[in-house]
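Asks: The structure is given below, and queries will be raised subsequently.
Numbering (the working numbering), first residue to last: 1163 to 1294.
In C-alpha cells:
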C-alpha cells in the first residue's frame, strides 16, 4: 500500500471521541472520580441540556471513570436541575428520533456512533446558543 493511500485511513472511534470532546468542552468538566460538573448551560434549550447530560455520561464511560453510560430520566433531571415532567417527553422524543437508546426499564444512553449526527443536528455552527 502506498504512503498516499495510508493517509486516507482514519480511526473512526478516535474521530468520534474528538467530536464528543468538542461538543462537551463548553458545557462539562469531569473530575477524576467521574463526577460531572456542568457549566454554561443557561443558553441551551431543555432538549440540548438533556443531550449534554447523556453525552457527559458517555464520556465518563469512555474515560474509564464509570462502568456504564446508562442513566435514568430522573437522574438527568436532577443533574440538570430540570423538572422531571419536562425531561420525560424530551427523552421519549429522542428515543423516537433514535438519538437516545433505551435499555431495560428506565435506563437510557447515547452510543458513540450517534455523536456525529448529534453534532450536526444540535451543535453545529450557529446552533450552540439557540434559546427556546
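Just so you know, even glycine gets a beta-carbon here, dropped at the ideal spot from N, CA and C.
I need the straight-line Cα distance from residue 1279 to residue 1203, nearest angstrom please.
Replies: Within the chain shown, the letter at position 117 stands for residue 1279. Within the chain shown, the letter at position 41 stands for residue 1203. Taking the straight line joining both Cα atoms gives about 21 Å.
Asks: Starting from the Cα of residue 1256, find the closest Cα among 1241, 1235, 1218 and give me that residue.
Replies: Position 94 of the chain shown, counting from 1, holds the residue named residue 1256. Ranking 1241, 1235, 1218 by Cα distance to residue 1256 puts 1235 first.
Asks: Could I get the ranges of all uninterrupted alpha helix (DSSP H) runs contained in the region 1229-1280, with 4 residues as the minimum, in chain order?
Replies: 1235-1241, 1246-1258, all fully within the region 1229-1280.
Asks: Short check: CB of residue 1189 to CB of residue 1213, under 7 Å?
Replies: The sequence position of residue 1189 within the chain shown is 27, counting from 1. The sequence position of residue 1213 within the chain shown is 51, counting from 1. No; because the gap between Cβ atoms is not below 7 Å, this pair is not in contact.
Asks: Figure out for me which residue from 1176, 1221, 1174 has the closest Cα to the Cα of residue 1187.
Replies: Along the chain shown, read from residue 1 onward, the residue named residue 1187 stands at position 25. Nearest C-alpha to residue 1187: 1221.
Asks: Hey, how far is the Cα of residue 1176 from the Cα of residue 1183?
Replies: Along the chain shown, read from residue 1 onward, the residue named residue 1176 stands at position 14. Along the chain shown, read from residue 1 onward, the residue named residue 1183 stands at position 21. For residue 1176 and residue 1183, the distance between alpha carbons rounds to 11 Å.
Asks: Between which two residues does the beta strand (DSSP E) harbouring residue 1200 extend?
Replies: Here residue 1200 refers to the residue found at position 38 when the chain shown is read from its first residue. Its beta strand (DSSP E) spans residues 1198-1200.
Asks: Give the DSSP-derived three-state secondary structure of residue 1172 in the structure shown.
Replies: Taking the chain shown and counting its residues from 1, one reaches residue 1172 at position 10. In the structure shown, residue 1172 sits in coil (DSSP, three-state: anything other than H, G, I, E or B).
Asks: Under a Cβ-count criterion, where at least 16 other Cβ atoms within 10 Å of its own Cβ denotes burial, should residue 1199 be classed as buried or exposed?
Replies: Within the chain shown, numbered from 1, the residue matching residue 1199 stands at position 37. Exposed.
Asks: Please determine, among 1282, 1208, 1261, the residue with the shortest C-alpha to C-alpha distance to residue 1246.
Replies: For the purposes of this step, residue 1246 is taken as residue 84 along the chain shown, with counting starting at 1. Per the Cα distances, 1208.
Asks: Exposed or buried, what is residue 1294 when buried is set at 16 or more other beta-carbons lying within 10 Å of its beta-carbon?
Replies: The residue you call residue 1294 lines up with position 132 of the chain shown. In this predicted model, residue 1294 has a pLDDT of only 37, less than 50, meaning its place in the structure is not dependable; the value taken from the coordinates is given anyway. Looking at its Cβ environment, which holds fewer than 16 other Cβ atoms inside 10 Å, residue 1294 is exposed.
Asks: Label residue 1273 either buried or exposed according to how many other C-beta atoms from any shown protein chain fall within 10 Å of its C-beta, with 16 as the threshold for buried.
Replies: Counting from one through the chain shown, the residue named residue 1273 turns up at place 111. With fewer than 16 other Cβ atoms within 10 Å, it is exposed.
Asks: Would you kindly check if the distance between the Cβ of residue 1242 and the Cβ of residue 1211 is under 7 Å?
Replies: Position 49 of the chain shown holds residue 1211. Position 80 of the chain shown holds residue 1242. Contact flag set, yes.
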